[in-house]
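Structure record follows, encoded as structure tokens.
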Amino acid sequence: MKIQTVFSGQRGVITAIFVTSIFVNLLILTAPLYMIQLFQRVMSSGSIATLVALTTGAAIALLFYFFFDALRQRLVARLGTRLEARLSPMVLRAMIDKRLPDGMQGSEPLRDVQEVRTFVTSPIFVAMLDAPWALFFTVLVFMFHPLLGMIAVLGIGTLAAIGVLSEIMTRESEKQAQTSAKDANRAVDEMMTHAELIRAHGKSEAMLERWKMRAFSAIMFSTRATDRMAIMSSAAKGVRQFLQIGMMCAGVILVVRAEISPGLMIASSILLGRAAAPVEQSISGWRSLINARAANERLNAMLAAVKHVDEHRMELPEPSGRIDVQNATVMLPGRSEPLLYDISLGLQPGDSLGLIGPSGAGKTTLARAMIGLIPLARGAVRIDDADVRDWPSDQLGQYVGFLPQQVDLFRGTIAENIALMDSEARASDIVAAAKEAEVHDLILGLPGGYNADVGPRGGFLSAGQRQRIGLARAFMGRPKIIVLDEPNANLDPAGEAALARAIQNATARGAVVIAVTHRMSLLRQVTHAALIRDGRLARFGTAKEVLEASVEPVLEAGKPTKRITVVPNEGTDERKGAQA
Numbered sequence: 001m002k003i004q005t006v007f008s009g010q011r012g013v014i015t016a017i018f019v020t021s022i023f024v025n026l027l028i029l030t031a032p033l034y035m036i037q038l039f040q041r042v043m044s045s046g047s048i049a050t051l052v053a054l055t056t057g058a059a060i061a062l063l064f065y066f067f068f069d070a071l072r073q074r075l076v077a078r079l080g081t082r083l084e085a086r087l088s089p090m091v092l093r094a095m096i097d098k099r100l101p102d103g104m105q106g107s108e109p110l111r112d113v114q115e116v117r118t119f120v121t122s123p124i125f126v127a128m129l130d131a132p133w134a135l136f137f138t139v140l141v142f143m144f145h146p147l148l149g150m151i152a153v154l155g156i157g158t159l160a161a162i163g164v165l166s167e168i169m170t171r172e173s174e175k176q177a178q179t180s181a182k183d184a185n186r187a188v189d190e191m192m193t194h195a196e197l198i199r200a201h202g203k204s205e206a207m208l209e210r211w212k213m214r215a216f217s218a219i220m221f222s223t224r225a226t227d228r229m230a231i232m233s234s235a236a237k238g239v240r241q242f243l244q245i246g247m248m249c250a251g252v253i254l255v256v257r258a259e260i261s262p263g264l265m266i267a268s269s270i271l272l273g274r275a276a277a278p279v280e281q282s283i284s285g286w287r288s289l290i291n292a293r294a295a296n297e298r299l300n301a302m303l304a305a306v307k308h309v310d311e312h313r314m315e316l317p318e319p320s321g322r323i324d325v326q327n328a329t330v331m332l333p334g335r336s337e338p339l340l341y342d343i344s345l346g347l348q349p350g351d352s353l354g355l356i357g358p359s360g361a362g363k364t365t366l367a368r369a370m371i372g373l374i375p376l377a378r379g380a381v382r383i384d385d386a387d388v389r390d391w392p393s394d395q396l397g398q399y400v401g402f403l404p405q406q407v408d409l410f411r412g413t414i415a416e417n418i419a420l421m422d423s424e425a426r427a428s429d430i431v432a433a434a435k436e437a438e439v440h441d442l443i444l445g446l447p448g449g450y451n452a453d454v455g456p457r458g459g460f461l462s463a464g465q466r467q468r469i470g471l472a473r474a475f476m477g478r479p480k481i482i483v484l485d486e487p488n489a490n491l492d493p494a495g496e497a498a499l500a501r502a503i504q505n506a507t508a509r510g511a512v513v514i515a516v517t518h519r520m521s522l523l524r525q526v527t528h529a530a531l532i533r534d535g536r537l538a539r540f541g542t543a544k545e546v547l548e549a550s551v552e553p554v555l556e557a558g559k560p561t562k563r564i565t566v567v568p569n570e571g572t573d574e575r576k577g578a579q580a
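So this is what it looks like as structure tokens:
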């Protein structure tokens, strides 16, 4: 499969931009040629008809110049729009699927897309398109007179050297400034996420000091780069002005010696100005170029790392919901010990599983791995005999319901949140999901019912109400596999009773329900239970067996009172286990 890059698929627009640039730069010769003909033909002959003809031709050429220049500007704008329209969904999809390479997080890739688009649509990009034409204009000046050509070469070479020196002087400072700015932005994101916690503990000043350390570092490096860039930009402007004076001085000497005509002298000055202008603009916009280049490199690295495995993957038949976990092992980068190690268990349609164990044992990791949210380092999770990695993510998502530990709602109505902002969701399906989750009456009791606004991140609702709305969201579309992570953490007794009925409703229609919990009240509502300790499966069997083995002392003392081992899946039913 061909690796995608930032400018993949834009060859046609880029080619059109280069073609229009050719016409724009050729038509720039209108003014120099007009000056040459004016002095050589009109001034010598005194013919007004010749003057009218030359002026008319120049006017027509300038009309074409304006047309091609406007066309180029529109094409550049279209290129920027197409880049953002193509890359933003790909980047956002990679962010949602957590397929970003190491070092990328948050909304940084989207900001990189905007950085590239801003640069492409800026005058600096157009100036860099025109910069190679400096060589062509310099050759023309050489044709007028070698001395004038030498001055042009010396001037353009000096400007190019200033540009290279500017890049060398600012490269490291720019990198350090960008790194520090990212750290400062991440600190702000954390502060906004935990604003209430900071205020409650009176740590606003401490957090501000923490942020200021990072922000000051970014400002310091950015100021250093800006100062150096300003020096180089001023030097480039000075060199360009000096070149114009030097060219006119040399031209006058040559005219006095009758080696060139006054028209050639003026034309040389115009051509030199045109050759030097894009080079000077490029130096002034060097910082934008550096930022855009860095963003382009990061995006190319992301596109190379992201594997769009779902694009041409065949859809599988609708699953019944059977799950087999085979020697599942999860490793985290930078951690030597596995988060989960060699876990095997199986569930049939209509089963429900309670995952229990001490905090940090790996319960949530296992639950997420069972629906493909966390990749395995070894082993497999199979849904109806197909590895979860072989399922197209969008297709598998139609049959999976998920309630995370921290339930955050999107800004919108309750109905929109149950449908997960799907504008094509049917009202009947939303109500059916709420009824199956036993939250229909709760919703109708709220002002506005299903049309009630939940506020930013569900802030208009209580924690328990958000959790129950999240439960209805997990039941949307009658999924075959439902994963509930601490679903009763914020529920009152009435909410827990409704949760128990919801689990029974789902298993009654053949769904598999997996619930992470610390409460025995929920464990008594499921058919199976698994005890996870230190990333390993300590016990697995029917809920009755695990309850009879006194799970509570296990969690408190860390030692089992009765041992339940898992029978390997070799023709036996590994779900039942064997008591010893």
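Per full-length UniProt numbering, the very first residue in the sequence shown carries number 1; after that it's consecutive.
Just so you know, even glycine gets a beta-carbon here, dropped at the ideal spot from N, CA and C.
Cβ pair residue i, residue j closer than 9 Å
i, j, result
"residue 354", "residue 489", "no"
"residue 336", "residue 379", "no"
"residue 449", "residue 409", "no"
"residue 487", "residue 515", "yes"
"residue 377", "residue 331", "yes"
"residue 383", "residue 402", "no"
"residue 454", "residue 411", "yes"
"residue 369", "residue 328", "yes"
"residue 519", "residue 530", "no"
Run of the beta strand (DSSP E) containing residue i, from where it starts to where it stops
i, result
"residue 542", "536-542"
"residue 483", "481-485"
"residue 533", "528-533"
"residue 513", "512-516"
"residue 323", "323-330"
Three-state secondary structure assigned by DSSP to residue i
i, result
"residue 176", "helix"
"residue 40", "helix"
"residue 12", "helix"
"residue 555", "Residue confidence for residue 555 is low, a pLDDT of 42 falling below 50, so the modelled location carries little weight and cannot support an answer."
"residue 344", "strand"
"residue 384", "coil"
"residue 406", "coil"
"residue 490", "coil"
"residue 353", "strand"
"residue 422", "coil"
"residue 399", "coil"
"residue 448", "coil"
"residue 293", "helix"
"residue 273", "helix"
Euclidean distance between Cα positions of residue i and residue j
i, j, result
"residue 545", "residue 525", "13 Å"
"residue 67", "residue 76", "14 Å"
"residue 282", "residue 240", "13 Å"
"residue 192", "residue 325", "39 Å"
"residue 238", "residue 270", "17 Å"
"residue 40", "residue 248", "19 Å"
"residue 176", "residue 221", "6 Å"
"residue 144", "residue 230", "35 Å"
"residue 510", "residue 351", "8 Å"
"residue 557", "residue 533", "Any answer about residue 557 is weak, because its pLDDT of 38 lies below 50 and its placement is not dependable; what the coordinates show is given next. Taking the straight line joining both Cα atoms gives about 12 Å."
"residue 469", "residue 475", "10 Å"
"residue 296", "residue 112", "7 Å"
"residue 340", "residue 373", "14 Å"
"residue 581", "residue 44", "Given a span of 1 to 580 for the chain in the structure shown, any question on residue 581 remains unanswerable."
"residue 28", "residue 304", "41 Å"
"residue 398", "residue 319", "10 Å"
"residue 79", "residue 17", "9 Å"
"residue 421", "residue 414", "10 Å"
"residue 236", "residue 31", "24 Å"
"residue 225", "residue 424", "50 Å"
"residue 366", "residue 471", "19 Å"
Residue i at chain C interface by Cβ criterion, 9 Å
i, result
"residue 366", "Looking at the structure shown, chain C is missing, and only one protein chain is on hand."
Residue range of the alpha helix (DSSP H) that includes residue i
i, result
"residue 418", "414-418"
"residue 458", "Neither: residue 458 is in no alpha helix (DSSP H) and is coded neither H nor E."
"residue 227", "204-256"
"residue 584", "The requested residue 584 is not part of the displayed model; the chain covers only 1 to 580."
"residue 144", "133-144"
"residue 96", "48-96"
"residue 127", "123-130"
"residue 521", "520-523"
"residue 197", "195-200"
"residue 364", "363-369"
Rounded distance between the beta-carbons of residue j and residue i, thought under 8 Å
i, j, result
"residue 276", "residue 35", "Between residue 35 and residue 276 the Cβ distance is about 18 Å, and since that is not below 8 Å, they are no contact."
"residue 6", "residue 126", "Actually they are not in contact, since the Cβ atoms of residue 6 and residue 126 sit about 18 Å apart, beyond 8 Å."
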